[in-house]
Amino acid sequence: MSYYKLKNGMKLYYKDSGTGKPIIFMHGWASSHDVYSEPIRLLGNKARCISYDHRGHAKSKSAHKEQVTIKTLAGDLNEIIEGLGLNDVTLVGWSMGAGVALSYIRDYGCKALRQVVLCDMSPKQLNDEDWSMGLYKGRYTKATMEENKGKSFMKLFMKFTVGAAPKYKVLPEPLLYIMLRKKLHRSKIKVLESLARSLKEEDLRAVVGQITVPLTYFYAVPGSLFTPKLADWYKENARVEFRSVPFKNSTHKLIRENPEKFALELEKLL
347 MSYYKLKNGM KLYYKDSGTG KPIIFMHGWA SSHDVYSEPI RLLGNKARCI
397 SYDHRGHAKS KSAHKEQVTI KTLAGDLNEI IEGLGLNDVT LVGWSMGAGV
447 ALSYIRDYGC KALRQVVLCD MSPKQLNDED WSMGLYKGRY TKATMEENKG
497 KSFMKLFMKF TVGAAPKYKV LPEPLLYIML RKKLHRSKIK VLESLARSLK
547 EEDLRAVVGQ ITVPLTYFYA VPGSLFTPKL ADWYKENARV EFRSVPFKNS
597 THKLIRENPE KFALELEKLL
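Okay, here's the thing in structure tokens:
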């Protein structure tokens with residue numbers, strides 16, 4: 347197994363395969379680099395594909411000696427890009443990974459990037475009187491966040507999972523609980539809690555207008571966590587060449603559901 351050693355001594359698991367222009371793949375909250383395994387396999391040697399596990403996740407589970415925020419993960423990404431000597435990077439971020447991409451651009455700019463691909467993610471999670479394209483298609487507000495304080499992490503995680511993939515609604519709650527408890531063993535819960543708070547505190551809408559390389563938005567239709575209307579919002583607020591790609595009959599799990607299309611659309615961008 348390959349690990350990238352950060353300046354603070356902690357190690358992130360990563361995979362580096364293929365040749366050509368580099369693509370960095372960043373996974374979502376409570377996920378892992380594995381979500382990209384099939385698209386990377388399908389891309390073959392059409393690009394140099396780099397995927398890794400964020401701090402507190404999967405094979406990077408032990409990398410959590412300090413509080414982990416979206417800004418922390420953006421710093422990790424910068425270390426990887428600089429440490430591997432990368433430039434002309436296609437940066438792909440799905441869900442939380444898209445938030446990391448925007449945070450990276452805010453803090454480090456686009457000088458190392460060739461293009462950015464954001465996948466099914468809102469630049470602002472919390473909905474309010476001026477914003478209705480956040481989490482749960484406009485239903486998650488600051489009041490919701492306050493109501494959730496003190497609630498069982500597992501209960502909230504179950505709600506999130508069903509929201510992202512409605513097919514799980516048919517599972518009896520005890521069975522869903524067992525399935526998700528097993529999945530959570532791969533991640534550090536305190537890191538997940540910190541990142542969930544951090545995501546909800548971020549407002550990255552202004553960053554979209556600061557992107558200076560081509561921007562593409564992959565989104566699910568009809569979607570589950572986020573509204574497809576975000577594609578129009580990104581188009582209106584991007585100041586660069588913009589392209590949107592709908593993944594029809596898909597949920598937030600669009601990569602797992604459509605790996606062939608995901609790989610094909612990335613290949614087109616290359």
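Take the sequence shown: its position 38, counting from 1, is numbered 384 in the numbering used here, and each next residue is one higher. Ideal Cβ positions, reconstructed from N, Cα and C, are used throughout, including at glycine.
Taking a contact as a CB-CB distance under 8 Å, the pair V414 and G402 counts as one, their CB atoms being some 6 Å apart. Distance from T436 to R452 at the Cβ level is roughly 19 Å; contact not present, criterion being Cβ atoms closer than 8 Å.
With respect to V438, V463 sits close: the two C-beta atoms are nearer than 7 Å. Three or more Cβ pairs drawn from the stretch 561-573 and the stretch 468-484 lie within less than 8 Å of each other, which places the two stretches in contact. For S540, there is no enclosing beta strand (DSSP E); the enclosing alpha helix (DSSP H) has its first and last residue at I535 to E547. Between the alpha carbons of I535 and M500 lies a distance of about 10 Å.
Residue pairing by DSSP places F593 opposite A566 in a beta bridge. M491: member of the alpha helix (DSSP H) spanning K488 to N494, first to last residue. Boundaries for R527: no beta strand (DSSP E) harbours it, while the alpha helix (DSSP H) harbouring it runs E519 to L530, taken from the DSSP string. With respect to L522, M504 sits close: the two C-beta atoms are nearer than 7 Å. For P368 against L432, the beta-carbon gap comes to about 5 Å, under 8 Å, which counts as contact. Within the DSSP bridge table, the entry for L423 names no partner.
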